[in-house]
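Engineer: This is the structure I have questions about; it appears just below.
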Amino acid sequence: MKVLVVGSGGREHALVWKLQQSSAVDRIYCAPGNAGTSALGENVPIPAHDITALAKFARQNAVGLTVVGPDDSLAAGIADFFAAEDLRIFGPTRAAARLESSKIFAKQLMQHRSIPTARAGTFSSSEEALRFCETLRFPAVIKADGLALGKGVIIANNRAEAAAAIDSMMNRRLFGGAGANVVIEQFLSGWECSLHLLVSGANYHMLATARDHKRAQDGDRGPNTGGMGAVSPATDWTPELQRRFENDVMRPLLAGLREQDLTFRGLLFPGMMVTAEGPQVLEFNCRFGDPETQAILPRLKSDLLEILDATIDGTLERVRIEWDTRAAVTVVMASGGYPGAYETGKPITGLDEVAVKDGVQVFHAGTRWENGRIVTAGGRVLAVTALGDGVTEARDRAYAAVARIRFEGCHYRRDIAASAVSVNLANS
Ligand code: AMP
Ligand code: GLY
Numbered sequence: 006m007k008v009l010v011v012g013s014g015g016r017e018h019a020l021v022w023k024l025q026q027s028s029a030v031d032r033i034y035c036a037p038g039n040a041g042t043s044a045l046g047e048n049v050p051i052p053a054h055d056i057t058a059l060a061k062f063a064r065q066n067a068v069g070l071t072v073v074g075p076d077d078s079l080a081a082g083i084a085d086f087f088a089a090e091d092l093r094i095f096g097p098t099r100a101a102a103r104l105e106s107s108k109i110f111a112k113q114l115m116q117h118r119s120i121p122t123a124r125a126g127t128f129s130s131s132e133e134a135l136r137f138c139e140t141l142r143f144p145a146v147i148k149a150d151g152l153a154l155g156k157g158v159i160i161a162n163n164r165a166e167a168a169a170a171i172d173s174m175m176n177r178r179l180f181g182g183a184g185a186n187v188v189i190e191q192f193l194s195g196w197e198c199s200l201h202l203l204v205s206g207a208n209y210h211m212l213a214t215a216r217d218h219k220r221a222q223d224g225d226r227g228p229n230t231g232g233m234g235a236v237s238p239a240t241d242w243t244p245e246l247q248r249r250f251e252n253d254v255m256r257p258l259l260a261g262l263r264e265q266d267l268t269f270r271g272l273l274f275p276g277m278m279v280t281a282e283g284p285q286v287l288e289f290n291c292r293f294g295d296p297e298t299q300a301i302l303p304r305l306k307s308d309l310l311e312i313l314d315a316t317i318d319g320t321l322e323r324v325r326i327e328w329d330t331r332a333a334v335t336v337v338m339a340s341g342g343y344p345g346a347y348e349t350g351k352p353i354t355g356l357d358e359v360a361v362k363d364g365v366q367v368f369h370a371g372t373r374w375e376n377g378r379i380v381t382a383g384g385r386v387l388a389v390t391a392l393g394d395g396v397t398e399a400r401d402r403a404y405a406a407v408a409r410i411r412f413e414g415c416h417y418r419r420d421i422a423a424s425a426v427s428v429n430l431a432n433s
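Every letter in the sequence shown is one number past the one before it in the working numbering, and letter 413, counting from 1, is 418.
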């Protein structure tokens, strides 16, 4: 079968890498892809948002399955468009993907179904938003309703910061239409965990847990990024947390979707905050996480294509998913300045040396070929994943590989998975 993966990040390289190992896949395309995906398949120069051109390519090349990476393609209705053209696709419809593309939709569904989440109000008028802030304890969290490239969440430490955030989103349209409406919610303290579930209507199957490291600098300091590294499993996620998650989140969520006649088929990725009161939902994503996928997929022993097929066909209950018991640690190597402005076109060295290391996988994100060399082409450049017997070994291996790769201005966090090393793996 021919498979098309849509997107160009480290997540998409990991999807291409894993799908290419399936015996049923004989050719794989990535649109638009990066230097890493071009080594495993064929890059197709169509942007992820050009749904019409992607569907045309899939039809002309007899693509048997298209797998969607990015949220904005889903929010734009790629799954609906492909389905209408009788093209097979992995990813939820536009209406179901509103769980991610509208924070107001997601929050109202959670409130309606009493799913544990931060107390919140939703607003379309900045005056009302400001009045609500008077009733809150600070810090508070101001969230743009729509997709804003992962930047639409502002933590306000006091009223002045909240007023500035509301003004920039709602009046000055910092995120365009995405910030016309906002959610304002109570700040939650605890630790974060990324859950990935294959959801097919009323059935779901949970994948391995992971933890992201969102801040740019060590010690969780600096600005938020798309994610600077990940570890799988999330070693503090206990069977008791799992039980509460399934009872208090999944059960009411699926009932809430059913009530609205929405069938979710695809990957659901709830971002959770584990607080003193238990697990609470921070947000729902409707696609694989980045860099979580680069830590999760190397631990997956089963055939990814079969699992995605079962999700689409509604046969998830027949699927058994096997995991490598080793831990995986992923360290993101970013361009100097990221998540702010950065330069591109810097040659990358050391990739060949690392490629031959056992248990180490380098996933490309912002890379491209230029004059016979691989150069940087984005903010997050590479995601280096290593497996190990326990987090300590995986971590040591990942950092040993990172140390061999060089490009001008490269920065990465030194403390990815550092807090997970001492925890008992038996929990997860
Ligand atoms: P979101 O896109 O909603 O996941 O928000 C991005 C990040 O902002 C999360 O990963 C958290 O680190 C942080 N965040 C979001 N909502 C809250 C909250 N209510 N309390 C504390 N931190 C939050
Ligand atoms: N790593 C967080 C995300 O993919 O949204």
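Idealized CB from N, CA, C, for every residue including glycine.
Among all the DSSP beta bridges, which residues are the ones paired with Tyr34?
Structural biologist: Partner(s): Leu9 and Glu47.
Engineer: Rounded to a whole number of angstroms, what is the C-alpha to C-alpha distance between Phe110 and Leu104?
Structural biologist: Taking the straight line from one Cα to the other gives about 6 Å.
Engineer: In its own chain, which residues sit with a C-beta less than 6 Å from the C-beta of Val68, not counting the 5 before and 5 after it?
Structural biologist: The residues are Lys7 and Leu9.
Engineer: Judging by CA-CA distance, which residue of Asp295, Ser194 and Gly15 is the nearest neighbour of Lys219?
Structural biologist: The candidate whose alpha carbon is nearest that of Lys219 is Asp295.
Engineer: Which ranges would you report for the alpha helix (DSSP H) in the segment 231-270 if only whole runs of at least 4 residues count?
Structural biologist: Taking only runs of at least 4 residues, the alpha helix (DSSP H) segments lying wholly in the segment 231-270 are 244-250 and 256-264.
Engineer: Provide the residue span of the alpha helix (DSSP H) that contains Thr298, from first to last.
Structural biologist: From DSSP, the alpha helix (DSSP H) with Thr298 extends over Glu297 to Ile301.
Engineer: In or out: Ser194 buried (at least 16 other Cβ within 10 Å) or exposed?
Structural biologist: Result: exposed.
Engineer: Given 7 Å as the limit, tell me if Pro296 has its C-beta closer than that to any heavy atom belonging to the ligand GLY.
Structural biologist: Correct: Pro296 has its Cβ closer than 7 Å to the ligand GLY.
Engineer: What do you reckon, are the CB atoms on Gly151 and Ser106 nearer than 8 Å?
Structural biologist: Cβ distance < 8 Å, so Gly151 and Ser106 count as in contact.
Engineer: Taking the beta carbon of Trp196 as the centre, do at least 16 other beta carbons fall within 10 Å, making it buried, or is it exposed?
Structural biologist: By the neighbour-count rule (16 or more Cβ atoms within 10 Å), Trp196 is not buried but exposed.
Engineer: Helix, strand or coil: how does DSSP classify Leu273 here?
Structural biologist: Leu273: strand per DSSP, three-state reduction.
Engineer: Going by beta-carbon coordinates alone, are Thr354 and Arg411 separated by less than 8 Å?
Structural biologist: Going by C-beta atoms, Thr354 is nearer than 8 Å to Arg411.
Engineer: Applying the 10 Å Cβ sphere with the 16-neighbour rule, what's the burial state of Leu309?
Structural biologist: Buried: at least 16 other Cβ atoms inside 10 Å.
Engineer: Helix, strand or coil: how does DSSP classify Phe95 here?
Structural biologist: Residue state, collapsed to three classes: strand.
Engineer: Taking the continuous beta strand (DSSP E) assigned at Lys148, which residues delimit it?
Structural biologist: Note, Lys148: beta strand (DSSP E), Ala145 to Ala149.
Engineer: In terms of residue numbering, what span does the alpha helix (DSSP H) encompassing Met175 cover?
Structural biologist: First-last for Met175: undefined, no H or E at that position.
Engineer: So, at 7 Å on beta carbons, what are the nonlocal neighbours of Val407 in its own chain, with the 5 sequence-adjacent residues on each side left out?
Structural biologist: Within the same chain, Val407 has close Cβ partners Val336, Met338, Val389 and Tyr417.
Engineer: Quick one: which unbroken beta strand (DSSP E) runs of 3-plus residues sit fully inside the segment 318-380? Chain order, please.
Structural biologist: List check, beta strand (DSSP E) in window: 332-339, 365-369 and 372-375.
Engineer: Does the beta-carbon of Gln265 have 16 or more other beta-carbons within 10 angstroms, so that it is buried, or is it exposed?
Structural biologist: Result: exposed.
Engineer: Over what stretch of residues does the alpha helix (DSSP H) that includes Gly15 continue unbroken?
Structural biologist: Note, Gly15: alpha helix (DSSP H), Gly15 to Leu24.
Engineer: What did DSSP end up calling Ser106 once you bin it into helix, strand or coil?
Structural biologist: Residue state, collapsed to three classes: helix.
Engineer: Hey, Gly414 and Lys351: beta-carbon distance below 8 Å or not?
Structural biologist: Yes, they are a contact pair.
Engineer: Under DSSP, the beta strand (DSSP E) around Cys415 begins and ends at which residues?
Structural biologist: Careful: Cys415 lies outside any beta strand (DSSP E) and carries neither H nor E.
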